[in-house]
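Colleague: Numbering (this note's numbering), first residue to last: 689 to 1208. Dropping a structure here in structure tokens format, bear with me for questions.
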């Protein structure tokens, strides 16, 4: 502790020079002998001075000097130990990438390798309650299933939907899976862990693991046995080769060992009990603790403890014969100001110096829009604060108290965030009536009109698709006008029932779209 002792803001120690300087200046000012020394002969001065019963040992200037010295040390920030900064997670984020190649349906591990991997994930979730976990799936392509979340039930729901059949591209691209998981964790304030659950890592991916320079730990849990087992297909049958023999998939243990030797990834194989899961948890916790101690802690500022002796010494100012003129002035001002006495119990110190709108502006300058929304009395500024924290409906209510072009313009922006394009169009039109030459309002009006048109077309396409028609197909009646979709009109309940899909179907569609967009 002594070796680690230092000051966070050592320049404040220069204020220590003010303490002896103050004592010296006040001492010379109150020293009558020194004031008359140049005017009266020394042998006469001793007989002319009248001492007042001896000088006090402790004078106000001495107390002031001590307070200055202690305050300087406190402001310098004495420290000797580290602490974790606020708003830093206590547990490491975990990204789990599950291999969904066909060989994960091998039955050498009961019931299958993939189902065993799902059970292991559930065990990890139960041991990391409250911790955030992200879920990824990969085969020939890699995709995010769920971003970081602490909702274990949600993860289990989508975990159950994972199967090789939802992947748009066959094969295995572990290097791409590493990149996708790393991108998802890149914005985190604390380092995490990327865990691969797979029955093999292709050697072409070794280079990606070896060149990995991210701050997250890499772990690989190999699932399967060296002897291997037959592979089930989507319909429950066993995969066969050209000769009709069952295809057996083996866990390439040598490749996993080579991966561990070629990179910093920690590799283990699945066990029948929970020892593999506990190994994973221990590694995650120990790595997180080590990295947190190295780079995510800060020196604990112990200077605030010195405010206690400062407060106690300041109380001596109220001794009889000592004056505290600034305190007298504050009391006098508080007595004279009307209403201050009655409102002192429920008003903060800031209320004495700033209006509510000024306090709101100060909160905005600090980035505290939540506090600003509660401070502002001006509805326009209150609406701005509410808008910035995402309370769009409350922001609309605040903006609606005004009848200016800016008020309607801001209402339109908030309505667009609520996906109410039609109401936003009306708001922008009102803004342009009051300020016709406003280019931003015209641009936003065009955006709102386009969104309304796109939404109308999507609704029509969805209704046609639900009725079994091609979305691009249009029907006309005998008069050549656009008609309605064939079939009876659908109720809202029927419509919702038609668009409901299982998590597996939802993921399959999502992955297919992502794979299509990723093609050059």
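All C-beta atoms in this analysis are idealised placements derived from N, C-alpha and C, irrespective of residue type, glycine included. These numbers come from a predicted model, not from an experiment.
Where does residue 798 land, buried or exposed, given buried means 16+ other C-beta within 10 angstroms?
Modeller: Counting Cβ neighbours within 10 Å, residue 798 comes out exposed, since fewer than 16 surround it.
Colleague: How would you call residue 712, buried or exposed, if buried means at least 16 neighbouring beta carbons within 10 angstroms?
Modeller: Classification for residue 712: exposed.
Colleague: Looking at the structure shown, is residue 927 part of a helix, part of a strand, or coil, going by DSSP?
Modeller: Reduced to three states, the DSSP call for residue 927 is coil.
Colleague: For the alpha helix (DSSP H) that residue 858 lies in, which residues bound it at each end?
Modeller: Element bounds for residue 858: n/a, residue is neither H nor E.
Colleague: Pick from 1111, 857, 811 and 729: whose alpha carbon is nearest that of residue 958?
Modeller: Of the listed residues, the one whose Cα sits closest to residue 958 is 811.
Colleague: Between which two residues does the beta strand (DSSP E) harbouring residue 786 extend?
Modeller: Run containing residue 786: 782-787, per the beta strand (DSSP E) assignment.
Colleague: Checking the sheet assignment: what are the DSSP bridge partners for residue 1144?
Modeller: Looking at the DSSP assignment, residue 1144 forms no beta bridge with any residue, so it has no partner.
Colleague: First and last residue of the beta strand (DSSP E) that includes residue 905?
Modeller: Its beta strand (DSSP E) spans residues 905-910.
Colleague: Mind checking residue 952: buried by the 16 CB within 10 Å criterion, or exposed?
Modeller: Residue 952 should be labelled exposed.
Colleague: Can you say whether residue 1204 is buried or exposed, counting buried as having 16 or more other CB atoms within 10 angstroms of its CB?
Modeller: Its Cβ having fewer than 16 others within 10 Å, residue 1204 is exposed.
Colleague: Suppose you measure from the CA of residue 923 to the CA of residue 852; what does that come to, to the nearest Å?
Modeller: Those two C-alpha atoms are separated by around 12 Å.
Colleague: List the DSSP bridge partners of residue 826.
Modeller: The partner list for residue 826 (beta bridge, DSSP) reads 787 and 830.
Colleague: In terms of residue numbering, what span does the alpha helix (DSSP H) encompassing residue 1115 cover?
Modeller: First-last of the alpha helix (DSSP H) with residue 1115: 1109-1122.
Colleague: Measuring straight from C-alpha to C-alpha, what distance separates residue 856 and residue 826?
Modeller: The straight-line gap from Cα to Cα measures roughly 10 Å.
Colleague: DSSP on residue 769, reduced to helix/strand/coil?
Modeller: Correct three-state label for residue 769: coil.
Colleague: Where do the ends of the alpha helix (DSSP H) carrying residue 845 lie?
Modeller: Unbroken alpha helix (DSSP H) run through residue 845: 840-848.
Colleague: In whole angstroms, what is the alpha-carbon distance linking residue 770 and residue 760?
Modeller: Each residue's alpha carbon lies about 22 Å from the other.
Colleague: Count the other C-beta atoms from every protein chain shown that fall within 10 angstroms of the C-beta of residue 894, then say buried if there are 16 or more, exposed otherwise.
Modeller: Looking at its Cβ environment, which holds 16 or more other Cβ atoms inside 10 Å, residue 894 is buried.
Colleague: Which class does residue 920 belong to by DSSP, given the choice of helix, strand or coil?
Modeller: Residue 920 falls in the strand class under three-state DSSP.
Colleague: Taking all protein chains shown into account, decide if residue 963 is buried (16 or more other Cβ within 10 angstroms of its Cβ) or exposed.
Modeller: Flag for residue 963 reads exposed.
Colleague: Shortest alpha-carbon distance to residue 972 belongs to which of 883, 899 and 839?
Modeller: Residue 883 is the option with its Cα nearest to residue 972.
Colleague: What are the start and end residues of the alpha helix (DSSP H) that includes residue 1057?
Modeller: Segment 1057-1063, the alpha helix (DSSP H) holding residue 1057.
Colleague: Please go through the same chain and pick out, in chain order, the residues whose beta-carbon is closer than 7 Å to the beta-carbon of residue 1177, but skip the five residues on each side of it.
Modeller: Caution applies to residue 1177, whose pLDDT of 44 falls short of 50 and renders its modelled position unreliable; the value that the coordinates give is listed next. Here the set comprises nothing.
Colleague: Would you kindly work out how many angstroms separate the C-alpha atoms of residue 1144 and residue 1195, rounded to a whole number?
Modeller: Cα to Cα, the separation comes out at about 26 Å.
Colleague: Strictly by DSSP, which residues pair up with residue 882?
Modeller: Beta-bridge pairing links residue 882 to 783 and 906.
Colleague: Would residue 709 and residue 781 be called neighbours here (beta carbons separated by less than 9 Å)?
Modeller: Going by C-beta atoms, residue 709 is not nearer than 9 Å to residue 781.
Colleague: How about residue 1244 and residue 909: do their beta carbons lie closer than 9 Å?
Modeller: Nothing about residue 1244 can be reported from this structure: the residues present for the chain run from 689 to 1208 only.
Colleague: Taking the alpha helix (DSSP H) that residue 948 belongs to, which residues open and close that run?
Modeller: Residues 941-950.
Colleague: Which whole-angstrom value is the C-beta distance of residue 762 and residue 865, which I expect to be below 8 Å?
Modeller: About 52 Å; that fails the 8 Å criterion.
Colleague: Using DSSP bridges, identify the partner residues of residue 837.
Modeller: Residue 837 is bridged to 821.
Colleague: Kindly indicate the opening and closing residues of the beta strand (DSSP E) around residue 954.
Modeller: Element bounds for residue 954: 954-957.
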